[in-house]
Amino acid sequence: GIGVLMLLALTVERFISVCYPAEARNLCGETRAHLTVCVIPVTTFLLNSPYLFLAHVVSCRSDTGVLVHMKEVNKWLVDSLWFQGYKWVLEVSFKLIPAIILFYLNIRIIRTYKAVCEKRRKMTSKVSGEQRRQFAEESRLMFLLGGTSTLFFVCMTPMIVLSVTIHHAWRNSLAFEVFRAVANVLEVTNFAVTFYIYCLFSKDFRETFLRTLRSAKENSMGASFLGSVSGLKEAIRPP
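The numbering used here puts the first residue of the sequence shown at 422, with every later residue one more than the last.
Below you can see the structure in the form of structure tokens.
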């Protein structure tokens with residue numbers, strides 16, 4: 422859920438920057454970005470909190486007298502009508518609706534960006550080096566948006582189908598287990614490959630990621646150095 426919402430927030434920010442550049446300064450500031458990054462995990466945790474009561478641990482004795490701890494599903498929760506409806510709403514909210522929104526926003530971004538680039542071409546008769554760079558940036562943006570959208574639909578559709586059509590009678594079926602395993606692998610693959618696509622086609626994303634790594638490394642080295650100095654002071658301090 423967190424990965425989907427982060428991708429959605431990133432797409433919304435890009436949509437505002439491309440389609441509504443006049444409002445981008447007010448709506449896409451650094452403070453708002455930090456707030457979004459903090460709010461999404463908290464919101465996701467709260468919305469998924471009913472799953473904390475899905476099961477409990479019971480203790481029992483085996484035939485050999487060994488104490489065994491096992492997980493037991495809370496039937497009062499799983500079989501309740503409100504929980505069944507809650508699962509449907511949760512899956513639709515975190516998978517189906519984001520997929521539709523991502524598809525729509527990416528189409529709008531592609532159309533707007535292509536229209537702007539086409540207008541720039543018509544205003545100039547000669548192709549300069551700056552225009553060539555703009556054409557290359559346009560191609561990268563098309564690959565970025567088209568790649569992430571296609572990947573999201575291909576990898577998340579099995580999980581959407583699994584989530585909204587699951588039935589108790591299928592749980593002992595080998596075909597169901599295979600389908601569930603494939604859906605889980607595709608879901609993880611979507612987030613992993615999306616990261617590589619952004620690193621490959623987005624210069625801003627790549628530079629921000631490398632800058633974050635350097636900052637984390639410097640902070641880690643600084644903390645280690647300060648810890649070593651503090652330890653050295655304690656060691657040489659006279660009794």
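Glycine included, every Cβ here is placed at the ideal spot set by N, Cα and C.
- Secondary structure of Val487 (DSSP, three-state): coil.
- CA-to-CA, the gap between Ser470 and Val433 works out to about 26 Å.
- Inside the segment 479-548, DSSP marks whole alpha helix (DSSP H) runs of 4 or more residues at positions 496-499, 502-512, 518-544, from first to last along the chain.
- Per DSSP, the unbroken alpha helix (DSSP H) holding Cys620 starts and ends at 595-622.
- For Ser438, the enclosing alpha helix (DSSP H) stretches over residues 423-440.
- Trp497 and Lys624 have their C-alpha atoms some 51 Å from each other.
- Going by DSSP, Cys459 is part of the alpha helix (DSSP H) stretching over 451-468.
- In terms of Cβ geometry, Ile530 and Leu566 form a close pair [threshold 8 Å].
- Within 10 angstroms of the beta-carbon of Arg632 lie fewer than 16 other beta-carbons, which makes it exposed.
- In this structure the segment 570-582 lies against the segment 599-608, because at least three pairs of beta carbons, one per stretch, are closer than 8 Å.
- With respect to Met491, Ile461 sits apart: the two C-beta atoms are not nearer than 8 Å.
- Phe524 is positioned such that its CB atom lies closer than 8 Å to that of Ser570.
- Here the alpha carbon of Leu572 sits roughly 16 Å from the alpha carbon of Gly422.
- A residue is called buried once 16 or more other Cβ atoms fall within 10 Å of its Cβ, and Tyr441, having fewer, is exposed.
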